[in-house]
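Comments concern the structure below.
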Amino acid sequence: MQTAVPIIYTPDPTLPVESATGRIGALIISMAALAVLITATLLPPSPTGVGTHQRMGFPACAWMATTGLPCPTCGMTTSFSHFVRGNWIASLYVQPMGFVLAMLTGIVFWAGLYIALTARPIHRQLRQLPMVWLIGAFMATGIAAWGWKIFIHLRGIDGWG
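Under this note's numbering, residues -9 to 151 are what the sequence shown spells out, in order.
Right, here's the structure in full:
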């Protein structure tokens, strides 16, 4: 004898639709991510592995000037610049966290564009992720990437190209 599935386990047949405000917000976020990626395409990556940001008029890293060691964000712009050119190995090498953030920026661009065009709220799926573990893994990756950047800097091998 077959038993009926309780209604609580039956998925809602109506698909959620994002509001006009939500769609505009998603489009704005998508365009902001695209602006970051376009900016990275306009900046040739520094062969030293750091300093690409100086081509935008920003000063050199004060942390590195003071301590002789790279700061946690040293090499991020260079990493983004390699990433958008399809040189993912160089991007990962010069700053692993920069590679992760560049990839996430690309994902945010496409996800925001999808939400804006289709009105399907895919961001609600994020509630299913265990955020404590995700944030912990993200922080651990950032710390490990900084350690890698310090290691390659001290060995004098932090450039690419």
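All residues carry an ideal CB built from backbone N, CA and C; glycine is no exception.
For clarity, every value in this text was computed on a predicted model and none was experimentally measured.
Sub-8 Å separation of residue i and residue j beta-carbons
i	j	result
Arg45	Ile105	no
Ser20	Phe99	yes
Thr38	Ser71	no
Met87	Ala130	no
Ala16	Gly132	no
Buried versus exposed, by CB contacts within 10 Å (16 or more), residue i
i	result
Gln85	buried
Ser9	exposed
Gly58	exposed
Leu124	exposed
Thr31	exposed
Thr68	buried
Ala80	buried
Candidates the options: closest to residue i by CA position
i	options	result
Ala92	Gly65, Arg117, Gln118, Leu107	Gly65
Leu144	Thr29, Ile112, Pro60	Pro60
Trp150	Leu82, His113, Thr(-7)	Leu82
Ala127	Thr63, Val26, Val90, Gln(-8)	Val90
Phe141	Leu33, Ile97, Pro62	Pro62
DSSP three-state assignment for residue i, whether helix, strand or coil
i	result
Thr63	coil
Val7	coil
Gly41	coil
Ala23	helix
Ile147	coil
Leu33	coil
Thr(-7)	coil
Gly137	helix
Leu119	coil
Contact belief for residue i with residue j at Cβ below 8 Å, rounded distance in angstroms
i	j	result
Leu27	Val74	6 Å
Ala23	Thr95	5 Å
Val7	Ala109	5 Å
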